[in-house]
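In what follows, a single structure is set out as structure tokens and then discussed.
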Amino acid sequence: MRPRRFFPAGALKGTIRVPGDKSISHRSIMLGALAVGETRVTGLLEGEDVLATAAAMRAMGAQAERVGDGEWSVHGVGVGTLLQPQAPLDMGNSGTSTRLLMGIVASHPISATFVGDASLSNRPMGRVIDPLSQMGAAFEASEGGRLPLTVRGAYPAVPIEYRLPVASAQVKSAVLLAGLNTPGVTTVIEPVPTRDHSERMLRGFGAELTVEELGGERVIRIRGEAELKPQTIEVPGDPSSAAFFIVAGLIVPGSELTIQNVGLNPTRAGIVEILRKMGGQIEEVNRREVGGEPVADLVVRHSDLQGIAVDPAVAPSMIDEFPALFVAASLAKGRTVTSGLDELRVKESDRLSAMAAALAAAGARVSETEDGLIIDGTGGEPLAGTQAAVTTHLDHRIAMSMAIAGLASRAGVEVDDTRPIATSFPVFEALLDGLAA
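In UniProt numbering, the protein residues as written are 1 to 437.
Written out as structure tokens, the structure is:
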């Protein structure tokens with residue numbers, strides 16, 4: 001355990017650049033490993049989750065090497081030619097690595113065993129097992145469809161038409177990736193849009209993929225037995241990582257900071273929209289496109305926030321950012337109501353219960369409902385802070401959210417373990433300390 005108390009340290013000033021987008025980093029390694037030739041990636045997030053993906057692709061025959069600061073070279077083996085891994089694939093804490101790689105393995109003539117840490121081993125994989133089983137893959141899973149888990153790929157796999165029962169970019173991506181090596185056309189129907197990095201990147205690598213809007217649903221089709229072409233990818237900054245600094249800038253009096261190169265894909269930018277509705281001053285400058293993804297620099301200034309009722313329809317576009325939003329709501333004027341957040345109960349932790357307990361310990365007025373939190377904010381007055389350390393449940397986003405809460409408290413907030421932060425944002429503490437200084 002590596003506990004730390006985060007204290008108020010005055011206004012946050014300066015310019016920072018957050019690490020590369022985690023979702024895009026994962027996919028660039030995976031698709032680079034399935035292309036024939038060398039893919040070059042700059043701005044890759046070098047957190048533990050993405051490194052787990054790189055290690056898994058190496059175990060299946062690809063080369064994935066760091067050649068500079070955030071710059072990687074991936075030599076792929078081609079769709080259909082992955083090798084049998086000789087040992088279990090250790091996914092650490094990464095649900096994205098696990099679910100997407102299960103999709104890749106499902107249509108290759110190999111088997112792979114997935115293992116992970118205590119947190120990941122409690123996360124449900126049944127939502128991915130169901131469609132991949134329909135495609136012909138076989139599974140041996142621990143009780144409740146959890147890790148450790150073995151996938152035996154089907155060759156040839158069977159193309160399916162699958163309607164997502166829950167809004168999940170990971171399930172969608174697993175089926176599309178399985179479809180890469182499946183003869184014919186694999187179809188995913190998305191009643192509620194989720195982040196579309198997989199679709200953008202698959203097309204960029206040369207896959208034959210179409211997206212149609214039919215009756216308010218997105219119908220995504222991919223033609224299998226694809227030949228992917230290597231690419232040069234520049235990874236934009238991760239909006240999920242930027243969210244912590246956006247909230248910090250809004251709630252700490254006197255703050256003004258610039259966050260450079262933030263990815264603003266509309267399927268990911270819900271946190272910015274909601275914070276603006278709460279009165280947050282967030283200005284976009286130098287808007288541009290990087291690697292097919294919209295990007296801008298964000299100028300964030302301290303703001304008087306107002307509580308709102310958050311439309312549950314926005315949840316898929318900011319599902320990982322709700323812990324940070326809960327902190328902003330705790331400092332806002334009036335009541336913030338969130339609902340439709342059942343998905344937060346099956347993340348790295350039960351993020352609704354974990355954040356409710358942590359914020360209450362720091363002096364916030366918060367109540368937990370079946371599918372959300374109701375928070376009565378302080379109107380800008382600092383939170384009291386914590387006496388004992390808050391429990392983060394090995395969840396990097398709980399740890400970072402409560403670190404930010406500590407900046408807007410009187411006595412500081414102690415986090416029980418900062419080690420999990422390295423899974424997605426290894427330089428978080430250094431950037432935070434630099435702005436405070």
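Heads up, the beta-carbon is just placed ideally off N, CA and C, and yes, glycines get one too.
- [ ] Would you check if the stretch 375-387 and the stretch 133-151 touch, i.e. whether three or more CB-CB distances between them fall below 8 Å?
- [x] no
Task: In chain order, each beta strand (DSSP E) run of at least 3 residues that lies wholly inside the stretch 31-69 - done: 36-42, 63-68
Task: Per DSSP, cross-strand counterpart(s) of R99 - done: According to DSSP, which records beta bridges pairwise, R99 is partnered with nothing at all.
Open item on the list: Can you tell me which residues form a DSSP beta bridge with E260?
Closed with: The sequence shown places Gln at residue 260, not Glu. Its beta-bridge partners are R17.
Open item on the list: Tell me the rounded alpha-carbon separation between G254 and E414.
Closed with: 23 Å
Open item on the list: I need the straight-line Cα distance from A422 to E284, nearest angstrom please.
Closed with: 28 Å
Task: Q306 - DSSP class collapsed to helix/strand/coil - done: strand
- [ ] Answer with buried or exposed for P19, where buried requires no fewer than 16 other C-beta atoms within 10 angstroms of its C-beta.
- [x] buried
Task: Paired residues, beta bridge with G76 - DSSP - done: G37
- [ ] Return the CA-CA distance between G292 and G307, expressed in angstroms with no decimal places.
- [x] 34 Å
TODO: Please list, in chain order, all residues of the same chain as M57 whose beta carbon is under 7 Å from its beta carbon, the five residues on each side excluded.
DONE: I29, M30, A33, A64
- [ ] Identify the continuous beta strand (DSSP E) that holds P85 and give its terminal residues.
- [x] Unbroken run through P85: none, as it is neither H nor E.
Task: Sub-9 Å separation of A157 and A137 beta-carbons - done: yes
TODO: Run the CB neighbour count on S119, radius 10 Å, all protein chains shown included, and call it buried at 16 or more, exposed below.
DONE: buried
- [ ] Could you tell me how far apart the beta carbons of I246 and L298 are, in whole angstroms, since I believe they sit closer than 8 Å?
- [x] 7 Å
Task: Chain-order list of residues whose beta-carbon lies under 6 Å from that of D90 (same chain, five-residue window excluded) - done: V115
Task: Proximity below 9 Å, CB of V77 to CB of M60 - done: yes
TODO: Report the option in F425, M135, D416, D371 whose CA atom is closest to the CA atom of R5.
DONE: D416
Task: DSSP three-state assignment for E368, whether helix, strand or coil - done: strand
Task: CB of S401 within 9 Å of CB of P316, strictly - done: no
Open item on the list: Between the alpha carbons of G334 and V310, how many angstroms are there, rounded?
Closed with: 13 Å
- [ ] Have a look at T210, D196, G270, Q231 and flag the residue whose alpha-carbon is nearest the alpha-carbon of V36.
- [x] Q231
Open item on the list: Quick check on T423: does DSSP put it in helix, strand or coil?
Closed with: helix
Open item on the list: Output needed for Y162: all residues of its chain with C-beta closer than 6 Å, excluding positions within five of it in sequence on either side, in chain order.
Closed with: P131, V175, V188
Task: Burial state of R27, where buried means 16 or more other Cβ atoms lie within 10 Å - done: buried
Task: beta strand (DSSP E) segments (min. 3 residues) lying fully within the stretch 174-226 - done: 185-190, 209-214, 217-223
- [ ] Go ahead and pull the three-state DSSP assignment for K347.
- [x] coil
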